[in-house]
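If you're matching positions, the sequence shown starts at 460 in the numbering used here and goes up one per residue.
Glycine included, C-beta positions come from ideal geometry on N, C-alpha and C.
Working notes, beginning with the structure itself.
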Amino acid sequence: MPPKERNIAMMGYRSVGKSSLSIQFVEGQFVDSYDPTIENTFTKVTRVNSQDYGVKLVDTAGQDEYSIFPVQYSMDFHGYVLVYSITSLKSFEVVRIIYEKLLDVMGKKYVPVVLVGNKTDLHQERTVSTEDGKKLAESWRAAFLETSAKQNESVGDIFHQLLMLIENENGNPPEK
Ligand code: GDP
Ligand code: MG
């Protein structure tokens, strides 16, 4: 089967690890000082349930509570990764605001989303509980994961789960 093309956007407050997760997924390495202002597009072919996907991953420069939702991110995307840091309550609040603006701009009630609490290796600095992350994701009917880009923990799962949610939305439930 030819690969299915899927466009995914990484969104969230600054410094939560959007670029680190993208680079960890695409290149398999942790880059410590990545220019936070850069917006980059990565591509990678990945296989889920014997189907190849050509993933186009847009790593946005980040949003805050005041950002007007950038219209270019509401078009031509199949799904979204919304990232916060488990060490930043502020980033958790911002991700909720981004989600509301996203639905509003798209005029939809549902969008395939994976909510990601990153930086689990910094557990001593945790300010957002796993429970709160889970609850927020449930209220969106989104998938939820806690990850560490640094330790490459659950990074691949983000994209696998999102690709499955996108399949389900398209009425093609993935095979078991
Ligand atoms: P972005 O602005 O959301 O793209 O965030 P970056 O990927 O540039 O990361 C911001 C800072 O957090 C950088 O110093 C990264 O090295 C660091 N960082 C990103 N992910 C992790 C992680 O999982 N654990 C730790 N300890 N630091 C991380
Ligand atoms: Mg970045």
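Buried or exposed for residue i, please, with buried defined as at least 16 other CB atoms from any protein chain shown within 10 angstroms of its CB.
| i | result |
| --- | --- |
| residue 635 | With a pLDDT of only 40 at residue 635, under the threshold of 50, the placement of this residue in the model should not be trusted, and no figure is reported. |
| residue 620 | buried |
| residue 594 | exposed |
Rounded to a whole number of angstroms, what is the C-alpha to C-alpha distance between residue i and residue j?
| i | j | result |
| --- | --- | --- |
| residue 490 | residue 479 | 6 Å |
| residue 404 | residue 576 | With the chain represented from 460 up to 635, any question about residue 404 goes unanswered, as that position is not in the structure. |
| residue 570 | residue 486 | 27 Å |
| residue 606 | residue 614 | 6 Å |
| residue 510 | residue 598 | 29 Å |
Relative to ligand 1, is the shortest distance from any of its heavy atoms to the C-beta of residue i smaller than 7 Å?
| i | result |
| --- | --- |
| residue 580 | yes |
| residue 504 | no |
| residue 475 | yes |
| residue 471 | yes |
| residue 609 | yes |
| residue 523 | no |
**OP:** Please list, in chain order, all residues with a C-beta atom less than 7 Å from at least one heavy atom of ligand 2.
**Re:** Spelled out in chain order, the answer is 477, 478, 493, 495, 497, 518, 520, 521.
Original post:
Contact between the region 539-553 and the region 488-507: three or more CB pairs below 8 Å?
Top reply: With the cut-off at 8 Å, the region 539-553 and the region 488-507 do not touch.
Original post:
With a cut-off of 8 Å, do at least 3 Cβ pairs link the region 554-572 to the region 535-542?
Top reply: Yes, the region 554-572 touches the region 535-542.
**OP:** Specify whether the region 467-477 and the region 512-522 touch according to this definition: at least 3 beta carbon pairs, one from each stretch, less than 8 Å apart.
**Re:** Taking a cut-off of 8 Å for Cβ pairs, the region 467-477 and the region 512-522 touch, as three or more such pairs fall below it.
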